[in-house]
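Notes to accompany the following structure.
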Amino acid sequence: MIIRIICLCLCLAATNVHAYSKIYNRNYTVSEVIFPNECRLKINNAACEHIAARFVQDFERDRVLEVNDNIDFDSLDNINIAKGTQKIELRMVHNAMKNIITLYAISRRSVEGMQSITIDVFNVLPDENMRSISFDELFEKPDRAKMIIAREVQKVFGKNNTLLLPVEISLIQVAPANFAVTKDGLHFFFAPGRVSQTKKAFDLLKIDLSLLGKARPNLKYWNE
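Next up, the structure:
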């Protein structure tokens, strides 16, 4: 069964009522990271900090490259480089069936008036030192799973005819990302505007485990 849901606020089971934040000030960027209270726990802290550091470093790198590409080296005396700002909100959801923690990172960037929003999803195993789960280890036949999922993405979102839909399908066929492992299958998340015309909401595609039977799901993660 495939269900398409538009989520304005990610409709997650977790909330950030008891969240805390940190500011990371770099040469060309300023990032604010909002952590869920669970990140205070020793077992979760390393993974949370690692993900936050990656977002901060990637933003600084992207901004440095952008500045370098656009700078006028003939008029360095008049240079005025505006810092980019980024707000990252981490959400943590414990899988109800297995000991899996899913971390959602919602990033909102603003650079010289241009704004963007993205989502990254990480599935980690607290019993294995917060190791991230790769897509390929979820199935005995991961290539078959990728083909099935890519076909369903085309089926559900193809009528929207967005420019980035072929890109998303190609990425799934090679290396699926931004998925959550759930009790009943997989949930795939897409940033606004990539698979639908909606610019202010994420798209969520629920893929039931029964559709992936021919890919032979790994019973380590799905075992009733």
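For the sequence shown, the positions run -19 to -1, 1 to 205 when mature numbering (1 follows the signal peptide of the UniProt record, and there is no 0) is used.
No residue lacks a Cβ here, since even glycine has one placed at the ideal position from N, Cα and C.
All values reported here derive from a predicted model rather than from experimental measurement.
Contact annotation, Ile32 with Pro107: C-beta distance approximately 14 Å; criterion of less than 8 Å not satisfied. The alpha helix (DSSP H) runs of length 4 or more contained entirely in the segment 158 to 197 do not exist; there are none. In this structure, Val37 lies away from Tyr9, with their beta-carbon atoms at least 7 Å apart. A direct Cα-Cα distance of roughly 27 Å separates Leu71 from Ser151. Val176 places its beta carbon less than 7 Å from that of Glu149. In the structure shown, Asn6 adopts extended strand secondary structure according to DSSP, grouped into three states. Three or more Cβ pairs drawn from the segment 61 to 71 and the segment 9 to 22 lie within less than 8 Å of each other, which places the two stretches in contact. Ile100 and Leu146 have their C-alpha atoms some 16 Å from each other. Following the DSSP letters along the chain, one finds Arg35 inside the alpha helix (DSSP H) bounded by residues 23 to 51. In this structure, the straight-line span from the alpha carbon of Leu190 to that of Gly166 is close to 4 Å.
DSSP, read as helix, strand or coil, puts Lys136 in helix. With 16 or more neighbouring CB atoms inside 10 Å of its own CB, Ala172 falls in the buried class.
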